[in-house]
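Novice: Quick one: this structure, given as structure tokens, is what I'll be asking you about.
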Amino acid sequence: MKQKLIAGNWKMNGSLSANEALVRAVQAGAATGCQVAMCVPSVYLSQVQSLVAGSGIWLGAQDVSAHEQGAYTGEVSAAMLRDIGVRCCIVGHSERRQHHSESDALVAMKAKQALAASITPIVCIGETLAEREAGSTADVVRRQLAAVIHLNGHCISEIVLAYEPVWAIGTGKTASPEQAQQVHALLRAQLRAATVQADRVSIVYGGSMNAANAASLLAQPDIDGGLVGGASLKAADFLSIVAAARS
Ligand code: PGA
407 MKQKLIAGNW
417 KMNGSLSANE
427 ALVRAVQAGA
437 ATGCQVAMCV
447 PSVYLSQVQS
457 LVAGSGIWLG
467 AQDVSAHEQG
477 AYTGEVSAAM
487 LRDIGVRCCI
497 VGHSERRQHH
507 SESDALVAMK
517 AKQALAASIT
527 PIVCIGETLA
537 EREAGSTADV
547 VRRQLAAVIH
557 LNGHCISEIV
567 LAYEPVWAIG
577 TGKTASPEQA
587 QQVHALLRAQ
597 LRAATVQADR
607 VSIVYGGSMN
617 AANAASLLAQ
627 PDIDGGLVGG
637 ASLKAADFLS
647 IVAAARS
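In the numbering used here, the protein residues as written are 407 to 653.
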């Protein structure tokens with residue numbers, strides 16, 4: 407059985423001193439049995455890289471350019487991320503789809519750049535509340551995943567997929583384990599149609615995962631871990647989720 411992945415998404419939070427305290431506390435409490443990642447703001451990647459070096463914790467970024475290099479002011483390439491030790495990178499987070507108009511095609515290009523640099527893209531997909539209420543959850547997530555498969559079919563088994571229902575992100579409203587499992591199962595079926603290695607792909611859940619609900623979500627057969635926002639900023643909460651993933 408593959409190890410579960412618990413990835414913290416710090417979003418735009420942190421400072422040199424707060425980061426150091428958080429990483430040290432997580433390192434002190436984390437043990438083997440599950441893969442831990444910390445996806446941090448780009449200016450802090452080097453700092454966190456030196457803090458996690460040798461610990462087994464994956465250094466993660468929150469975004470990557472869709473381009474390889476060149477005249478793209480303000481952007482950071484996958485090769486640059488790799489250069490400073492980044493192991494995984496969130497792409498297509500709903501906050502970027504919403505505030506930066508990232509399309510399915512752009513997200514697929516970002517995943518491709520990450521894969522080319524041997525960085526595991528954590529590809530986020532998920533429906534809005536309006537889409538769920540309109541009964542189009544399955545269509546939306548299948549469309550989002552199809553774009554990534556279309557561009558990255560040959561190495562699709564190298565991605566991590568994060569199902570993050572937009573209505574559950576930062577709202578305290580978690581998808582029930584059954585709701586999440588239902589979507590994860592259909593994503594797994596879509597991956598199986600694309601690759602014989604679909605079962606290698608970790609499909610993690612994100613959206614108000616916390617110390618109280620992690621165990622029941624992680625017990626579902628197709629939930630292979632979590633992408634954790636708010637609860638990743640408090641070492642004790644994050645460590646409780648890590649512990650739930652190990653049991
Ligand atoms: P949340 O965020 O855990 O604060 O809901 C998850 C995410 O946006 O990745």
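The beta carbon of each residue, even a glycine, is placed where N, CA and C say it ideally should be.
1. Take the Cβ of LEU551 as the centre, count every other Cβ of all protein chains shown within 10 Å, and call the residue buried at 16 or more, exposed below.
2. For a test of your reading of the model: does the CB of GLU570 fall under 7 angstroms from any non-hydrogen atom of the ligand PGA? Yes or no.
3. Out of ALA651, ALA618, ARG606 and VAL482, state which residue places its alpha-carbon closest to the alpha-carbon of SER582.
4. Identify the continuous alpha helix (DSSP H) that holds VAL454 and give its terminal residues.
5. What runs of the alpha helix (DSSP H), each 4 residues or longer, lie entirely inside the segment 541-609?
6. The ligand PGA heavy atoms versus the CB of ILE575: any closer than 7 angstroms?
7. Within 7 angstroms: the Cβ of LEU633 and any heavy atom of the ligand PGA?
8. Return the chain-ordered list of same chain residues with a C-beta closer than 6 angstroms to the C-beta of GLN433, the five sequence neighbours on each side being excluded.
9. Taking DSSP as the reference, what is the three-state secondary structure of ASN415?
10. For a minimum of 4 consecutive residues, which ranges assigned as the alpha helix (DSSP H) are wholly contained in the segment 470-542?
11. Would you check if the distance between the CB atom of TYR569 and the CB atom of ILE528 is smaller than 8 angstroms?
12. Since LYS410 sits in a beta bridge, which residues does DSSP pair it with?
13. Could you give the distance in angstroms between the alpha-carbon of ASP628 and the alpha-carbon of GLU584?
14. Below 8 angstroms, can you find three or more Cβ-Cβ pairs linking the segment 553-571 to the segment 528-540?
15. Between GLY559 and VAL607, what straight-line distance do the alpha-carbon atoms span, to the nearest angstrom?
16. Does the segment 467-485 touch the segment 494-514, meaning 3 or more C-beta pairs lie closer than 8 angstroms?
Specialist: If we stick to the structure as given:
1. With 16 or more other Cβ atoms within 10 Å, it is buried.
2. For the ligand PGA, at least one heavy atom lies less than 7 angstroms from the Cβ of GLU570.
3. It is ALA618.
4. Counting along the chain, the alpha helix (DSSP H) containing VAL454 begins and ends at 451-458.
5. Fully enclosed alpha helix (DSSP H) runs of 4 or longer: 543-558 and 583-600.
6. Yes.
7. Checking every heavy atom of the ligand PGA against the Cβ of LEU633, one is found closer than 7 angstroms.
8. Taken in chain order, the residues that qualify are SER461.
9. Reduced to three states, the DSSP call for ASN415 is strand.
10. Within the segment 470-542, the complete alpha helix (DSSP H) segments at least 4 residues long are 484-489, 500-505, 510-522 and 535-539, listed from N- to C-terminus.
11. Result no, Cβ atoms of TYR569 and ILE528 do not sit closer than 8 angstroms.
12. BP columns for LYS410 point to CYS440.
13. Take the alpha-carbon of ASP628 and the one of GLU584: they are about 11 angstroms apart.
14. Under the Cβ criterion (8 angstroms, minimum of three pairs), the segment 553-571 counts as touching the segment 528-540.
15. Roughly 13 angstroms separates the two Cα atoms.
16. Taking 8 angstroms as the limit for Cβ pairs, the verdict is that the segment 467-485 does touch the segment 494-514.
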